[in-house]
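From first to last, the protein sequence lines stand for chains L and P. Just so it is clear: in the first sequence, position 136 is 242 by this note's numbering, and no numbers are missing. Just so it is clear: in the second sequence, position 370 is 403 by this note's numbering, and no numbers are missing. Some notes on the structure that comes next.
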Amino acid sequence: MVYADHNATTALDERVLEEMLPWLKGHYGNPSSVHSLGREARSALDRAREQVAQLVGTHPSQVVFTSGGTEANNSALKGVAHRLPQGRIAISAIEHASVSAPAAALHRFGWTCDAIGVDERGVCTVEAFEQVVQDDTRLVSLMWANNETGSVQPVAEMAARCRELGILFHTDAVQAAGKMVVDFDASGAHLMSLSAHKLYGPKGVGALILDKALDMEPLLHGGGQEKGRRGGTENLPAIVGFGRAAELAHIELVARRRHLLHLRGRFEELLARDLPQAVIFAGLAERLPNTVFLAVPGIEGQTLIISLDQQGIAVSSGSACGSEHTEPSGVLKAMGVDNDLALGAIRISLGKDNTEADIDILAGSLVSQVKQLQRLAASTAW
Amino acid sequence: MKKPIYLDYSATTPVDPRVAKTMCSYLTMDEGLFGNAASRSHQYGWDAEEAIEGARKNVADLIGANPKEIVWTSGATESDNLAIKGVAQFYAKKGKHIITSKTEHKAVLDTCRHLERDGFEVTYLDPEENGLIDLGKLEAAMRDDTILVSIMHVNNEIGVIQDVKAIGELCRSRKILFHTDAAQSAGKVPIDVEEMKIDLLSLSAHKIYGPKGMGALYVRRKPRVRLEAQMHGGGHERGMRSGTLATHQIVGMGEAFRLAKEEMATENERVRMLRDRLLEGVKDIEEVYVNGDMDQRVPHNLNISFNFVEGESLMMALSELAVSSGSACTSASLEPSYVLRALGRSDELAHSSIRFSIGRFTTEADIDRAVELLHQKISKLRALSPLWDMYKEGIDLSSVQWSAH
């Protein structure tokens, strides 16, 4: 089996599991309880907060734990908007559904949502933003890196421009954290979202990083946990796991990056040699080191994915959240990719535990499946 | 350090080892069951989805629901938020009045306060002295523009059980939606959403030996209850709650609920026996008051006020026991319990209360040790209390005019 769908989710690192286990078994206090079991839980929570803060270059007091990236994105956009006068929110045309859907839902509260276009490389530029921004634009959201193409966005530049204009800026760094340097304080962003399960931590936990001076309505009311920013008993085993996963990602970032770039380079070389007609989307942009979003003209993506699955190779057609749909990727549409080509898209997202042998199997199967499908197409066409 | 005796099962429970074992197989690469249930392009995704649907059935079975009526959330706080805000926002055109009670969990109260700031009107019912809601008062509070009644099934501090069946019938007859927070009752009291005419019901995993960070909301399909989602995104959970499903937590909750259904009857008997042993053991201490009705009460809860003893000092003296002076969520504050205040208890009595909550791993020896400690510590603390001396001398403390400094 070769798992190459790490942008959808990653397997939990064994070292992370080890750290989580005691918190599932012996140590089960509620961090809000004052007895010693509760206090023990509290100090584990503080440690995890430090570990996450360190990965993204900020102070622990700016880390709010959530149930995941989706909650972090919803909290950020709705929470901030709720305390601002009604106005406009601008988001890039390639945001994840957990940003675009809450941004659209702000309509209920009298907000208008504008989309900022991307260029053919899949990059949302400040120039494009200038086309969209209006006097009452109060909130902007631009992801750090795209989940489908892996294209890295000019976050610091956009944040700087927003600060000049007095606009609050949020970035979804769910895909970027752990794969590249993500420095919240240096980026100039006001808010940032993270998820643990994309970096070998557990599902069901994430974080909202925010400028602690920011006024925000919590998404979850009740109990006053997380300094009133997020109600609900803290999911301690998962938070401890997130902390450890973040620590490992921080320590191993350079090595992981080097390994992924090497594997991806090998894959793309094999692809160029054996399937020269394949198109790599956002190939001209700076990309996450693990992501290749590609299509072979004339080959339908879904068919290719199913035949790869039968070979024991797990890839996807794009965002897992959109994988029920057979429509072409919205990201590719925004980039102006031709509809037929977009329907051929498959996403390969590598992980730290993939090996050279995996790459050879992956590329080999991809090439042979494509050739088989081409032969099939040729015979039926005739 | 020796661990204290845990008597705080209403704050949280340890994960049952059988549950932990199930969870562990859905995490790492070795077992191959770590997939994203939303991935529809490979086996990893399908396996995760299958496990999640099995768990959904286990949760539905405990409350007499259809699995399709279960929406996964990150816990009861999120379930309460989703139920109340979701209904309020969806039905706002129909009416903007909500009824709840003063003894609800903060997840309900804070959510209602938030809605008040957003233009809704909320009636907070006073419970009777035994902690129960008077149906006549509930009915009197209902108006033509009432869209929702939210009354918890079992109170987290005093453990009293509300007559949700009667409340459900009343709400149904008035065409008002009925939400109940069942975080403290699931697995302890039989629940049947059909028979009780419940429209929305919040569940938590970590109160019944499942993992933290996991809960569910029951949302009735017939007659259909509509909600405005509070977490928008990939459209998971039929659009009612987006976000990648935490497979290991979900299977943990499913296993915990399956075990609860299987073992509830025998476990309740054992726990009730321990609780009665505890009550029996402290009854002979003077000036001890049980808070909340003793009949309409879950077997694992005992909330007692020890008059003339300050709750926080008592808790510190009882460091060998892990107990609480009320809800964990408010225990960082030194305010007296708002639940006990709503019952009409004086500040002094509210301040001197301790909640004992017993559970699956409590033993007779634990209870006996607790009784022994209570006797020792209370007499020691009272020996230091001038108020206790005055009381013993027969002075009516409520008549004393305290001078202000």
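For glycine and all other residues, C-beta sits at the position ideal for the given N, C-alpha and C.
**Request:** For residue 285(L), return the contacting residues in chain P, with the cut-off set at a CB-CB distance below 7 Å.
**Result:** Below the 7 Å Cβ cutoff, chain P contributes no neighbours of residue 285(L), its closest Cβ being approximately 17 Å away.
**Message:** Considering Cα atoms alone, identify which of 183(L), 328(L), 236(L) is closest to residue 140(P).
**Reply:** Nearest neighbour of residue 140(P) by Cα position, chosen from 183(L), 328(L), 236(L), turns out to be 328(L).
**Item:** Spatial neighbours of residue 111(L) in its chain, beta-carbon cut-off 7 Å, leaving aside the 5 residues before and after
**Value:** If we look at residue 111(L) and ignore the five residues flanking it on each side, its Cβ neighbours are 420, 421, 422, 455.
**Request:** Can you tell me which of the three DSSP states residue 187(L) falls into?
**Result:** Helix.
**Those residues which DSSP pairs with residue 109(L) across a bridge** = Checking the DSSP bridge columns, you'll see residue 109(L) partnered with 420(L).
**Message:** Check whether the segment 340 to 350 of chain L and the segment 300 to 311 of chain L touch, using three or more Cβ-Cβ pairs below 8 Å as the test.
**Reply:** Touching, per the Cβ criterion.
**Item:** beta strand (DSSP E) runs contained entirely in the segment 84 to 122 of chain P, provided each spans 3 or more residues
**Value:** Within the segment 84 to 122 of chain P, the complete beta strand (DSSP E) runs of at least 3 residues are 103 to 106.
**Prompt:** Looking at C-beta atoms only, is the number of pairs between the segment 175 to 190 of chain P and the segment 124 to 140 of chain P that lie closer than 8 Å three or more?
**Reply:** Cβ pair count under 8 Å is three or more, so yes.
**Request:** Output yes if chain P places a C-beta closer than 8 Å to the C-beta of residue 395(L); else output no.
**Result:** Not one chain P Cβ lies under 8 Å of residue 395(L).
**Message:** Give me the DSSP bridge partner(s) of residue 214(P).
**Reply:** Answer by DSSP bridge pairing, in chain order: 235(P).
**Meets three-Cβ-pair contact criterion under 8 Å: the segment 233 to 246 of chain P and the segment 208 to 222 of chain P** = Judged by pairs of C-beta atoms under 8 Å, the segment 233 to 246 of chain P touches the segment 208 to 222 of chain P, as three or more such pairs exist.
**Message:** Given this structure, state the Cα-to-Cα distance separating residue 362(P) from residue 261(P), to the nearest angstrom.
**Reply:** Its pLDDT being 49, under 50, residue 362(P) is placed unreliably by the model, and the measurement read from it follows with that caveat. Their backbone Cα atoms lie some 27 Å apart in a straight line.
**Prompt:** For residue 29(P), which option in 36(P), 411(P), 276(P), 299(P) has the closest C-alpha, if you only look at C-alpha atoms?
**Reply:** The structure shown does not extend to residue 29(P), since chain P is modelled only from 34 through 438, so no value can be given for it.
**Request:** Could you say which of 154(L), 190(L), 107(L) lies nearest to residue 349(L) if we only look at CA atoms?
**Result:** In terms of Cα proximity to residue 349(L), the closest of 154(L), 190(L), 107(L) is 154(L).
**Request:** Kindly give me the distance between the Cβ atoms of residue 69(L) and residue 305(L), rounded to whole angstroms, as I take these residues to be in contact under 8 Å.
**Result:** Since the first and last residues shown for chain L are 107 and 488, residue 69(L) lies out of range.
**Message:** Rounding to the nearest angstrom, what Cα-Cα distance links residue 399(P) and residue 40(P) in this structure?
**Reply:** CA-to-CA, the gap between residue 399(P) and residue 40(P) works out to about 9 Å.
**Message:** Measuring straight from C-alpha to C-alpha, what distance separates residue 348(P) and residue 151(L)?
**Reply:** Cα to Cα, residue 348(P) sits roughly 23 Å from residue 151(L).
**Minimum Cβ-Cβ distance from residue 100(P) to chain L less than 8 Å** = No, its Cβ sits nowhere closer than 8 Å to a Cβ of chain L.
**Request:** Please classify residue 233(L): is it buried, with 16 or more other beta-carbons within 10 angstroms of its beta-carbon, or exposed?
**Result:** For residue 233(L), the number of other beta carbons within 10 angstroms of its own is below 16, and it is reported as exposed.
**Message:** Distance check for residue 197(L) and residue 248(L), CA to CA, integer angstroms please.
**Reply:** Their Cα atoms are separated by approximately 6 Å.
**Contacting residues, own chain, Cβ-Cβ under 7 Å from residue 353(P) (five flanking each side not counted)** = Around residue 353(P): 37, 38, 406.
**Within chain L, the residues that residue 357(P) reaches when beta carbons sit closer than 8 Å** = By Cβ distance, chain L contributes 139, 140, 141.
**Message:** Restricting to runs no shorter than 4 residues, where is the alpha helix (DSSP H) found entirely within the segment 128 to 210 of chain L?
**Reply:** Annotation note: the segment 128 to 210 of chain L contains the following uninterrupted alpha helix (DSSP H) runs of length 4 or greater, listed N- to C-terminal: 142 to 161, 175 to 188.
**Prompt:** How is residue 290(L) classed by DSSP in three states: helix, strand or coil?
**Reply:** Of the three classes helix, strand and coil, the one that applies to residue 290(L) here is helix, per DSSP.
**Request:** Establish whether the CB of residue 56(P) and some CB of chain L are separated by less than 8 Å.
**Result:** By this cut-off, residue 56(P) is an interface position.
**Asked** Three-state secondary structure (DSSP) at residue 356(L)?
**Response** Secondary structure of residue 356(L) (DSSP, three-state): helix.
**Request:** Measure the Cβ-Cβ separation of residue 164(P) and residue 189(P) and say whether it is below 8 Å.
**Result:** In this structure, residue 189(P) does not lie closer than 8 Å to residue 164(P) by Cβ.
**Message:** Measuring alpha carbon to alpha carbon, tell me which residue in 465(L), 405(L), 382(L) is nearest residue 446(L).
**Reply:** Considering only alpha carbons, the answer is 405(L).
**Message:** Taking the alpha helix (DSSP H) that residue 75(P) belongs to, which residues open and close that run?
**Reply:** For residue 75(P), there is no enclosing alpha helix (DSSP H), since its DSSP letter is neither H nor E.
**Prompt:** Relative to chain L, which residues along the segment 267 to 295 of chain P have a C-beta separation below 8 Å, given in chain order?
**Reply:** For the segment 267 to 295 of chain P, the residues whose beta carbon sits under 8 Å from a beta carbon of chain L are, in order, 267, 268, 269, 275, 276, 277, 278, 279, 280, 281, 282.
**Prompt:** Which first and last residues belong to the beta strand (DSSP E) in which residue 241(P) is found?
**Reply:** Taken as a continuous stretch (DSSP letters only), residue 241(P) belongs to no beta strand (DSSP E), as it is neither H nor E.
**Prompt:** Roughly how many angstroms lie between the CA atoms of residue 75(P) and residue 299(P), to the nearest whole one?
**Reply:** Taking the straight line joining both Cα atoms gives about 43 Å.
**Asked** Mind checking if residue 362(P) is an interface residue toward chain L, Cβ cutoff 8 Å exclusive?
**Response** Because the pLDDT of residue 362(P) is 49, which lies under 50, any placement of that residue in the model is unreliable, and the number read from its coordinates should be weighed accordingly. Chain L contact via Cβ: present.
**Item:** Cross-chain neighbours of residue 289(L) in chain P, by beta carbon under 8 Å
**Value:** Near residue 289(L) there are no residues of chain P at all, since even the closest Cβ is about 25 Å away, more than 8 Å.
**Prompt:** Any beta-carbon of chain L closer than 8 Å to the one on residue 143(P)?
**Reply:** For residue 143(P), the answer is yes, since a Cβ of chain L falls inside 8 Å of its Cβ.
**Request:** In the DSSP assignment, find the beta strand (DSSP E) that holds residue 252(P) and state where it starts and stops.
**Result:** First-last of the beta strand (DSSP E) with residue 252(P): 248 to 252.
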